[in-house]
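Working notes, beginning with the structure itself.
Below, the structure is given as C-alpha cells:
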C-alpha cells in the first residue's frame with residue numbers, strides 16, 4: 006500500500022522566476038510502502054522514499070491585467086498583448102459582418118451565410134482576445150480566442166468552394182468540369198473542408214494552455230496536419246479554377262461577343278484567387294510558427310506584430326474581397342443557384358432515361374440504342390450565360 010504526503014515548503018529550482026522558459030519548483034513527495042513484501046524469492050521491508058516532484062508556484066504578483074512574464078507560472082501570453090489592436094480588429098470584422106448581411110439580403114443570396122459566419126467567428130475571436138488582454142490569467146477566455154482564431158479561416162475556404170461551384174454551374178458549358186456536375190464538385194470540396202475543420206478542432210482543443218506539454222505537442226502536430234491538408238485541397242481547387250477559366254475563355258472565343266454579365270465572371274474569379282492566396286499566407290504563417298518551436302527565440306511566437314500582419318490582416322482582406330466583388334453581382338437569376346444533391350441525382354437519372362427512350366429506334370425488328378451524349382455544346386445568349394444546344 007502506498008501513501009503520499011507533501012513536505013511543507015517547496016524550494017525553487019531557480020532564483021530568477023522571470024527568466025524566459027518554463028519555470029518549475031520542486032516539492033518533496035514522501036512515499037511510504039506499508040507492510041513490505043515477503044515470499045519465496047524476495048523480502049522487502051517497510052520503507053519510506055522521497056521523490057522531488059516538479060511543480061509550478063506563482064512567485065510574481067500579476068499586474069492589474071493579470072500579466073506575468075512569459076515562461077513563468079500561469080503565463081498565457083508570450084508578450085504583452087495589446088487591448089487596442091484587438092479591439093480595432095474586432096470592430097473591423099464586426100463591420101464586415103453587417104456589410105455581408107446587407108449584401109446577402111440585397112442580392113438574395115442565401116448561401117452567403119457561410120461568409121457571414123467567417124466574419125462572425127473572426128469577430129468572436131478578437132473580442133475574446135481583447136477580453137483576454139484584461140484577464141490574462143483567465144484560461145477559459147484565452148481558450149475561446151484560440152479555438153475561434155484557428156478555425157475561422159475554414160469558413161472562407163468553404164465559401165470559395167461554393168462560389169466556384171456556382172460559377173461552373175452558371176457559365177461552364179454543360180454545367181460541368183471534367184464531366185463532373187458543378188454541384189458535385191462544390192459538395193465534395195465543402196465535405197473535404199469539413200474534414201479539415203474536424204482535424205483542426207481536435208488539434209486546437211488538445212493544444213489548450215492547461216494541457217500538459219506532451220498533450221500540447223500532440224495537439225500542435227494534429228493541427229499542423231489539418232492545415233497542411235487544407236492547403237493541399239486549396240492547391241487542387243486552384244487547378245480546377247484554372248481549368249474553368251480556360252474552358253469558359255475558349256468557349257467565348259467561338260461565340261457572339263459576350264454580354265456585360267458574362268464579362269463579370271472574371272473579377273469574381275480573381276477575387277476568389279485572392280482569397281485563396283491570403284488563406285495560404287495565413288497557413289504558411291501557422292506552419293512555420295508551430296514548426297519553429299514555442300521558445301522566445303521564435304519571433305513568430307514572441308512578436309504580436311507578426312500575428313496581426315500574417316493572421317489578422319490576411320483574413321480581413323479575404324473577407325473584404327467578397328465585399329468589393331460580391332457573388333450576387335455576377336450570379337443573377339434562379340439559374341445561378343446550385344441544385345440540391347437529390348435534385349442533381351434526379352435530373353441526371355431523368356436525362357439518361359429520356360435519351361435512352363428517344364434513342365431507341367426499330368430497325369429490322371431490333372432496337373438499336375444510340376449512345377448517351379454527356380457533353381452538350383453551348384452558346385452565349387443575350388442574357389450573358391451559356392445555354393445548352395440540344
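Numbering (my numbering), first residue to last: 6 to 395. Don't be surprised by glycine CBs; every beta carbon is placed ideally from N, CA and C. As the structure is a computational prediction, the values presented were derived from the model and not from experiment.
- In the same chain as residue 113, and ignoring 5 residues on each side of it, no C-beta atom comes closer than 6 Å to its own.
- Between the alpha carbons of residue 119 and residue 162 lies a distance of about 10 Å.
- Between the alpha carbons of residue 219 and residue 297 lies a gap of roughly 16 Å.
- Runs of alpha helix (DSSP H) with 4 or more residues, each lying fully within the region 83-166, are found at 88-112, 118-139 and 144-156, listed in chain order.
- If you draw a straight line from the Cα of residue 343 to the Cα of residue 117, it is about 13 Å long.
- Residue 306 is not a Cβ neighbour of residue 172, given a cutoff of 9 Å.
- With contacts defined by Cβ atoms closer than 9 Å, residue 238 and residue 197 form a contacting pair.
- Separation of residue 190 and residue 153 (C-alpha to C-alpha, rounded to the nearest whole angstrom) is 27 Å.
- About 4 Å separates the beta carbon of residue 128 from that of residue 98, a gap short enough to meet the 8 Å contact definition.
- Sequence-distant Cβ neighbours of residue 243 in its own chain, meaning closer than 8 Å and more than five residues away, are 278 and 281.
- Measuring C-alpha to C-alpha distances from residue 101 to each of 339, 325 and 333 identifies 325 as the nearest.
- If you draw a straight line from the Cα of residue 289 to the Cα of residue 275, it comes to about 21 Å.
- Distance from the CA atom of residue 177 to the CA atom of residue 166, rounded to whole angstroms, is 15 Å.
- By the 16-neighbour rule on beta-carbons within 10 angstroms, residue 251 is exposed.
- Using a Cβ distance threshold of 9 Å, residue 94 and residue 321 count as a contacting pair.
- The C-alpha of residue 201 is placed about 56 Å away from the C-alpha of residue 50.
- Residue 83 counts as buried, since no fewer than 16 other beta carbons sit within 10 angstroms of its beta carbon.
- Around the CB of residue 86, 16 or more other CB atoms lie within 10 Å, so the residue is classed as buried.
- With distances taken between CA atoms, residue 80 lies nearest to 143 out of 130, 48 and 143.
- In this structure residue 332 touches residue 273 by the C-beta definition: roughly 6 Å separates them, less than 8 Å.
- By the C-beta density criterion, residue 329 is exposed, having fewer than 16 other C-beta atoms within 10 angstroms.
- Per DSSP, residue 216 lies in no alpha helix (DSSP H) segment and is marked neither H nor E.
- Take the alpha-carbon of residue 221 and the one of residue 71: they are about 23 Å apart.
- Scanning its chain for C-beta atoms nearer than 7 Å, with the 5 sequence neighbours on each side dropped, one finds around residue 92 the residues 135, in chain order.
- For residue 77, the secondary structure class from DSSP, reduced to helix, strand or coil, is coil.
- Within the model, the alpha-carbon separation for residue 110 versus residue 104 is close to 10 Å.
- In the three-state reduction of the DSSP assignment, residue 65 falls in the coil class.
- In the DSSP assignment, residue 305 falls within the alpha helix (DSSP H) that extends over 304-307.
- Shown here, residue 335 sits in coil according to DSSP, grouped into three states, outside any helix or strand.
- Annotation: residue 48 to residue 42 spans about 6 Å, alpha carbon to alpha carbon.
- Taking 9 Å as the cut-off, the beta carbon of residue 206 is found no closer than this to the beta carbon of residue 249.
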